[in-house]
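Below is one structure; the comments refer to it alone.
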Amino acid sequence: MSIFIDNATRLIVQGITGRDGSFHAKQMIEYGTKVVAGVTPGKGGQRFENTVPIFNTVADAVRETKANTTVIYVPPPFAADAMMEAADAGLALIVCITEGVPVLDMTRVYPYVQARGARLIGPNCPGLISPGASKVGIIPGRICAPGPIGLVSRSGTLTYEVVYHLTRAGLGQTTCVGIGGDPINGTNFIDCLDAFERDAATKAVVMIGEIGGTDEQEAARFVKEKMKKPVVGFIAGQTAPPGRRMGHAGAIISGSAGTAAEKIAAFEDAGMGVAKRPIEVVDLLKKRVR
Amino acid sequence: MNIHEYQAKEIFRSHGIPIPPGGVATTPAEAEGLARRYASTVVVKAQVHAGGRGKAGGVKLAKTPEETREIASKILGMQIKGLTVHKVLVTPAAEIATEAYVGIIVDRASKRPVFMVSPAGGIDIEEVAAKTPDKIMRLPVDPVYGLLPFQALQMGLFLYADIKQARAAAKIMQQLYAAFWASGASLAEINPLVTTPTGDVVALDAKMVLDDNELDRRPELALLRDETAEDPAEVRAREAGLTFIKLDGNVGCVVNGAGLAMATMDLVKYYGGEPANFLDIGGSSNPEKVVAALEIITSDPHVRSILFNIFGGITRTDDVANGIVTATQASPLKVPIVIRLTGTNEEVAVKILQQHGFSAMTGMDAAVQRAVELATGART
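Structural data, given as C-alpha cells:
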C-alpha cells in the first residue's frame, strides 16, 4: 500500500522532450512507472525513445491513453499554464517539479486546480515515490526500499539524506512525498499526514520541515488532535538568519515568524519525536515502530 | 529582489499614485542642485536595502541647499546595517496632518495577495500588529477579480472618516494593487500614506520587493537591480547560478540543495562550529559551478576550513570532484578541505579525488565534525 501513487498510476510527462523531462522520463520508465504519454506542443505524433507516444495537448494525451497523473518539467514561465491545462484535462494528480514559478502565478493556479478537484504536488519539488511500485519525479529510486514508513518533506536532497539512512537501517517506505519549497504550493503537510494516517501499510511517519511559514505548526496541531500513528520530525534552518531567503523561495523568516525554534516547539508540544540531526530520525523511529 | 525607494516611487507614479517630486543624487553637489530646484526644505534619504534607515541617521531634513550638501556628504558613504550608501533621494519636505500604513503582501496561508492597512502609520507595522491588532484591517484579494472598488472603499473608510479622503485613499489602493500585480511583486508598501493640512492624501515613502522568479521573463524589472547595493560575493554567486548567503562563522559550506545546505549549517553549529555561509550549488551542477563556489568561499578571510556535502541525485558527484580538482589546481587552497559525497557516480568521484591527493568521506556527521575540528583547531 501507499499514498497518491501505486501500480495503477498511468503517467503523462509534460515537457518530455526537454533536457530534464527526457532524462527523468527514462529514469521513471526504468524504475517501472507506467509512463503512458508525453506532451510537447508541436511534437504530437512522434514517439519518445521509440515507444511513448507524444501529444500536442494534455487533453489529447488523456483521451488516448487513459492517463490519471501528470508530472511537469516545463520551464518556469510556462509552468502555471501547464498545471492549469492538466487540471482542465481532468487529471487527478498533478506533480510539478519546475523550480522558479512566479508566486503570483500560483495565486491563480491554486484555486483553478482546487475548483477542478485535482491534487497538486509542488511546484519546486522532487515529486514522490512509492518504492517498488511507482516513481513520479526525480527522487533516486535506488536509495529507497519498500516498507512501513511514510515520509513527507519540503526539501529534495535533505529528503534523500534521510531516506538513505532509513533504507540502510532496514526501515523501508510506503511513499516518500516532496511537497516543495515554495511559499504557495498545492498539497501540504496535513494532506500527506492525513493520507498516511488512513493508509493501512504505513506504521509511522517522518515529517521534514524547514524555516518559513506556519505549515509545520499547523501540521503539528493535526498530529496532536487527529493522528494515532507515531510521527517523527526534523526542521532545517536553525542557524538561518532572519529576512534572508535560504535557497527555497519559501524558506525565509519574516520578522520573528517562521523560525526553526517555533516549529520545533510545536512538534514537541504535539508529542512528536524531534531529531536534532538528520540521522537521529532512524533511532527515534525504531523506538516507535515495532 | 529589493529595489530602492526612488525606483518603487517611479513605479507607483507610473500607476498614478500621488507622490511628491524627488531626485536621486550620488554626490553632495548633485544633492545641493536638487535642493535649489525645489526651493524648499527638503528631506535627504539614504537609498539602501535595509530597514530602519531613519534610526540609523540615514534620513534627515535640510532647510537650505548648503545644508543639503552638508547632510548629503554625511549620508553618502555611510554604513547602514553593513551596506554602504551610494545614493540619496532628495525630496521636498511635506507638511503632515496624519500618517497611515498601506501594504500588500502575498499571504502563504490564504494563498492570496492580502492588503494590510492601518491608521497608525509611520512606524513598524509588525509592532502595530502585535500591540494593537484592532488598528489593522486585513483584506485578502481574489487574484482572479483583483481589488474590487467596494473593497478599496472599505479600506479607505477604515483609514479616514472624511469621505473625500476615504475615496482618495481607495483610488490609491487600486493603483497600488495594479502596480503590485504588474511588477510581479511579493511586497508593495506605502508607509506613511499621509494627509496634508489642506486635506490631500499623498504617499511619502514607497517600498517594493520583486519576486526573483519574475525576472527571467521581465527583463525591464531585472534592470532595476542595483548591484552596488548588494554584497559583492552574493552578486558573483548569482552570476554563477549559485545561491550564497554570507554568515559570520569560519566553516565554509558547499552543498547541493537548499534543505541539505541548511541542515549542514545546523550540524556545523551542533558540533560546536559556526558556518561561514549558506551555499547551494543547485541540482544539475557542472564543474564550473563548483569552481565558482570555491572562489567565493576562499575569498572570505574568516574561512578556516571548507566542507563539501554532496548527496548525488541529479547532481553527479564526479562533476563535483572534477570541479574541486580544477579549482584547486588553478589556485591551491590555503585552508584544509573536507569532502563528503555519496550517490550518483560516487565510485568515479572518489577515484578522481584520490588521484589528486584528496580523500572523501561518506558520512555527513563525520565530515561535519572533521571540518569543525579543523576550523576551531580543536584537533588536527
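Residue numbers (the numbering used here), protein chains in the order written: chain A, 577 to 866; chain B, 812 to 1191. Positions of the beta carbon are idealized from the N, C-alpha and C atoms, including for glycine.
It is roughly 22 Å from the alpha-carbon of A812 (chain A) to the alpha-carbon of R744 (chain A). According to DSSP, residue pairing for K1057 (chain B) in a beta bridge involves B:N1088. In the structure shown, the three-state DSSP call for F1122 (chain B) is strand. Here K804 (chain A) carries a coil assignment [DSSP, helix/strand/coil].
Partner residues in the beta bridge of M1172 (chain B), as assigned by DSSP, are B:R1151. Contact between the stretch 601 to 618 of chain A and the stretch 635 to 651 of chain A is present, with at least three C-beta pairs closer than 8 Å. Looking from the CA of G789 (chain A), the closest CA among A:N764, A:A780 and A:V850 belongs to A:N764. Following the DSSP letters along the chain, one finds S825 (chain B) inside the alpha helix (DSSP H) bounded by residues E816 to S825. Contact annotation: G1060 (chain B) and P1098 (chain B) have beta-carbon atoms that are not nearer than 8 Å.
One finds G995, D1022, N1024 and E1025 in chain B with Cβ atoms closer than 7 Å to the Cβ of P678 (chain A), taken in chain order. From the listed residues A:G847, A:Q749, A:G809 and A:A841, the smallest Cα separation to E856 (chain A) is found for A:G809. Positions of the beta strand (DSSP E) runs, each at least 3 residues long and wholly inside the stretch 732 to 783 of chain A, are given as 749 to 754 in order along the chain.
Between the alpha carbons of R824 (chain B) and G865 (chain B) lies a gap of roughly 23 Å.
The criterion of a C-beta distance shorter than 8 Å is not satisfied by K874 (chain B) and I886 (chain B).
For V728 (chain A), DSSP records a beta bridge to A:V753 and A:M783.
V589 (chain A) and V913 (chain B) have their C-alpha atoms spaced approximately 44 Å apart.
Ranked by how close their Cα comes to the Cα of T1006 (chain B), the residues B:E906, B:P1030 and B:K942 have B:E906 in first place. Closer than 8 Å to the CB of Q814 (chain A) there is at least one CB belonging to chain B.
Rounded to whole angstroms, the gap between the alpha carbons of K1162 (chain B) and I670 (chain A) is 41 Å. With its beta carbon at least 8 Å from every one in chain B, M783 (chain A) lies outside the interface. For the pair of segments examined, the stretch 689 to 698 of chain A was found to touch the stretch 761 to 780 of chain A: the number of CB pairs separated by less than 8 Å reaches three.
Assigned with DSSP and collapsed to three states, P1030 (chain B) falls in helix. In the three-state reduction of the DSSP assignment, V896 (chain B) falls in the coil class. C768 (chain A) and V782 (chain A) do not touch by the CB rule: their CB atoms are close to 11 Å apart, not below 8 Å.
Proximity of the stretch 1038 to 1052 of chain B to the stretch 1102 to 1115 of chain B meets the contact definition, three or more beta-carbon pairs being nearer than 8 Å.
At a cut-off of 8 Å between C-beta atoms, I714 (chain A) counts as an interface residue with respect to chain B. Between M812 (chain B) and K863 (chain A), the alpha-carbon positions lie close to 45 Å from each other.
Taking C-beta separations shorter than 7 Å and ignoring five residues to either side along the sequence, the partners of I822 (chain B) in its chain run A990, S994 and M1019, following chain order. Contacts with chain A at 8 Å (Cβ-Cβ) do not include K892 (chain B). Of all residues in the stretch 707 to 738 of chain A, only I714, I715, P716, I719, S729, R730, S731, G732, T733, L734, T735, Y736 and E737 come within less than 8 Å of chain B when Cβ atoms are compared, listed by chain position. Residue-level contact check: M966 (chain B) does not touch chain A, since none of the beta carbons of chain A fall below 8 Å from its beta carbon. Taking 7 Å as the cut-off between beta carbons, the residues of the stretch 918 to 929 of chain B near chain A are R919, A920, K922, R923 and P924, in sequence order. The straight-line gap separating the alpha-carbon atoms of F1119 (chain B) and G849 (chain A) is approximately 29 Å.
Non-local beta-carbon contacts of V689 (chain A) in its own chain, meaning distances under 6 Å to residues more than five positions away in sequence, involve A663 and L696 in chain order. In summary, the residues of the stretch 763 to 796 of chain A whose CB is separated from some CB of chain B by less than 9 Å are I784, E786, I787, G788, G789, T790, D791 and E794, in the order they occur in the chain. I840 (chain A) has a beta carbon lying at 8 Å or more from every beta carbon in chain B.
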